[in-house]
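*Asks:*
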Amino acid sequence: MGVINFEELFESKLAKNDIIEPKDWMPDNYRKHLIRQISQHAHSEIVGMLPEGNWITRAPSLRAKLVLLAKVQDEGGHGLYLYTAAESLGTSRDEMLDALLTGKAKYSSIFNYPTLTWADVGAVGWLVDGAAIMNQVMLQRTSYGPYARAMVRICKEESFHQRQGYELMTHLAFGTPAQKEMAQDALNRWWYPTLMMFGPPDVESPNSENAIKWRIKRETNDELRQRFVNQSMPQIEYLGLTVPDKNLKWNETKKGYDFSEPDWTEFKAVIKGNGPCNKERLASRNKSHNEGAWVREAATAYAKKQNENYEAA
Amino acid sequence: MSNDSQGPLWEVFVQKKAGQPFVHCGNLHAYDKEMALQNARDLYTRRGEGMALWVVPSSAIVSSSPEDMGSFFEPSNDKIYRHPTFYQIPDGVGHM
Chain A
1 MGVINFEELF ESKLAKNDII EPKDWMPDNY RKHLIRQISQ HAHSEIVGML
51 PEGNWITRAP SLRAKLVLLA KVQDEGGHGL YLYTAAESLG TSRDEMLDAL
101 LTGKAKYSSI FNYPTLTWAD VGAVGWLVDG AAIMNQVMLQ RTSYGPYARA
151 MVRICKEESF HQRQGYELMT HLAFGTPAQK EMAQDALNRW WYPTLMMFGP
201 PDVESPNSEN AIKWRIKRET NDELRQRFVN QSMPQIEYLG LTVPDKNLKW
251 NETKKGYDFS EPDWTEFKAV IKGNGPCNKE RLASRNKSHN EGAWVREAAT
301 AYAKKQNENY EAA
Chain B
314 MSNDSQGPLW EVFVQKKAGQ PFVHCGNLHA YDKEMALQNA RDLYTRRGEG
364 MALWVVPSSA IVSSSPEDMG SFFEPSNDKI YRHPTFYQIP DGVGHM
């Protein structure tokens, strides 16, 4: 046996659709790309708890409150699965949290929009989680093992999220005229930000090429966006609601809908920190992190003492 | 802030029901054994995924290395007599 060419071995694994595991050799850029993507994904789950958490104390019924609590708890869990998946690549939880809290790290632009009404809780579950699922179903077959395994668990849990959101929308859309109006208003405000979740158009997406080459992603931003629109239209029509897009229409040739692109200038501004809620989200995360510092310190001290007692005994 | 940390990493194994093996399901941070077990329950068994849990400090896990995989597992590769199909059994004796 000669000297192992690690790069060739890595490439051949990808070509065979084999999975890369934490201790396998991988190119530095593959590792960096994954750390960036997985940590951003984790941050999105954690920051994503805020817009919905906003409504827990004001949920209109006990059932609605239980459901929302369970959903927000799930999102926290998803963040934790993803943080440890990123840690398996050599970064630390503290480094990632620091990047989030200082505003260095990005998270999904969607969570910088406000949840103004109860209908927004429905729209987030239905549309935002629906878009996230589309992306995450693809990521169940991503080339990095710990990321793929986290996605499998997450996808199982997300399906409840989308269904509860749609159920909420049906209650409003088939309720009083004022409720229906509230549902339509939520759809109007969340439609384009949701389309932005798939990322910039393929021609302008700086990270897409490598992500496809390394089988981290298996479909492009535009492909996923198109699929999302196709899937959502019957659901929207059932509710008797309309999309805020005059150009949206069925295209028989491509067996899909034509639709307007979201405003990519707005997308860039939100990513840069100038969305409606960027400052508020970061301030909330920092506040709860700082207010929890004494708990972490006490738990560290307690664990140390337990270990000392154990060793002394 | 040197005292501010998320605690060490633990590996979580879950047993779906009595009689089945414990299977690795993921990992988490916790400061001590008790918290590791409670966090594992909250994180990995919110929907009846298990009847029993193990948590193990990740630092206590010893694992083989992918680079040594070939030579490490090589001793078993040429021992085909460890498999039942290596042996000829006459047709007349039924299932064995």
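If you read the protein sequences in the order shown, they are chains A and B. According to our numbering, the stretch in the first sequence is residues 1 to 313, in order. According to our numbering, the stretch in the second sequence is residues 314 to 409, in order. From the three backbone atoms N, C-alpha and C, an ideal C-beta is built for every residue, glycine too. Predicted model only: the values in this text are computed from it and were never measured.
(1) May I ask you to report which of helix, strand or coil DSSP gives Asp-18/A?
(2) What are the start and end residues of the beta strand (DSSP E) that includes Phe-267/A?
(3) Closer than 7 Å by C-beta to Leu-195/A: which residues in its own chain qualify, once you throw out the five before and the five after it? Chain order, please.
(4) Report the partner residues of Phe-326/B according to the DSSP bridge assignment.
(5) Using only the alpha-carbon positions, how far apart do Tyr-81/A and Gln-73/A sit?
(6) With DSSP as the reference, identify every bridge partner of His-342/B, one or two as the case may be.
(7) Around the C-beta of Phe-174/A, are 16 or more other C-beta atoms found within 10 angstroms, so that it is buried, or is it exposed?
(8) Determine the direct distance from the alpha carbon of Ile-393/B to that of Phe-386/B, and round the result to whole angstroms.
(9) Using a Cβ-Cβ cutoff of less than 8 Å, which residues in the same chain neighbour Cys-155/A once the five nearest sequence positions on both sides are dropped?
(10) According to DSSP, Trp-55/A sits in a beta bridge with which residue or residues?
(11) Would you report the Cα separation of Asn-210/A and Gly-383/B, rounded to the nearest angstrom?
(12) Can you tell which of Gly-77/A, Leu-9/A and Lys-246/A has the C-alpha that lies nearest to the C-alpha of Asn-188/A?
(13) Kindly say whether His-396/B, judged by its beta-carbon, lies nearer than 8 Å to any beta-carbon of chain A.
(14) Taking DSSP as the reference, what is the three-state secondary structure of Trp-250/A?
(15) Answer yes or no: does any C-beta atom of chain A fall closer than 8 Å to that of Pro-431/B?
(16) Give me the residue from Asn-307/A, Tyr-257/A and Glu-223/A with the minimum Cα distance to Pro-234/A.
(17) Given Trp-264/A, which residues of its chain have a CB within under 7 Å of its CB, disregarding the five upstream and five downstream residues?
(18) Which residues in the same chain have their Cβ closer than 6 Å to the Cβ of His-78/A, if we skip the five residues on either side of it in sequence?
(19) By DSSP, does Tyr-400/B sit in helix, in strand, or in coil?
(20) With a cut-off of 8 Å on the beta carbons, I'd call Trp-367/B and Phe-335/B a contact; round off their distance for me.
(21) Just grab the DSSP bridge partners of Tyr-257/A for me.
(22) Closer than 8 Å, CB to CB, is Phe-326/B near chain A or not?
(23) In the DSSP assignment, what are the bridge partners of Tyr-144/A?
(24) Kindly indicate which residue of Asn-307/A, Ala-301/A, Glu-297/A and Arg-281/A has the alpha-carbon position closest to the one of Thr-115/A.
*Replies:* If we stick to the structure as given:
(1) coil
(2) Where Phe-267/A is concerned, there is no enclosing beta strand (DSSP E), although the alpha helix (DSSP H) it sits in stretches over 264-269.
(3) Arg-225 and Pro-262
(4) His-337/B and Trp-367/B
(5) 13 Å
(6) Leu-322/B
(7) exposed
(8) 14 Å
(9) Ile-133, Gln-136, Val-137 and Gln-140
(10) Looking at the DSSP assignment, Trp-55/A forms no beta bridge with any residue, so it has no partner.
(11) 30 Å
(12) Taking only the C-alpha atoms, the option nearest Asn-188/A is Lys-246/A.
(13) no
(14) Here Trp-250/A sits in strand by DSSP.
(15) The shown model of chain B, from 314 to 409, leaves out residue 431/B, and the question about it has no answer.
(16) Tyr-257/A
(17) Excluding residues up to 5 positions away in sequence, Pro-200 lie with their Cβ nearer than 7 Å to the Cβ of Trp-264/A in the same chain.
(18) Cβ within range, chain order: Glu-45 and Ile-154.
(19) coil
(20) 5 Å
(21) Trp-250/A
(22) Output row for Phe-326/B: interface = no.
(23) Ile-20/A
(24) Among Asn-307/A, Ala-301/A, Glu-297/A and Arg-281/A, the Cα nearest to that of Thr-115/A is on Arg-281/A.
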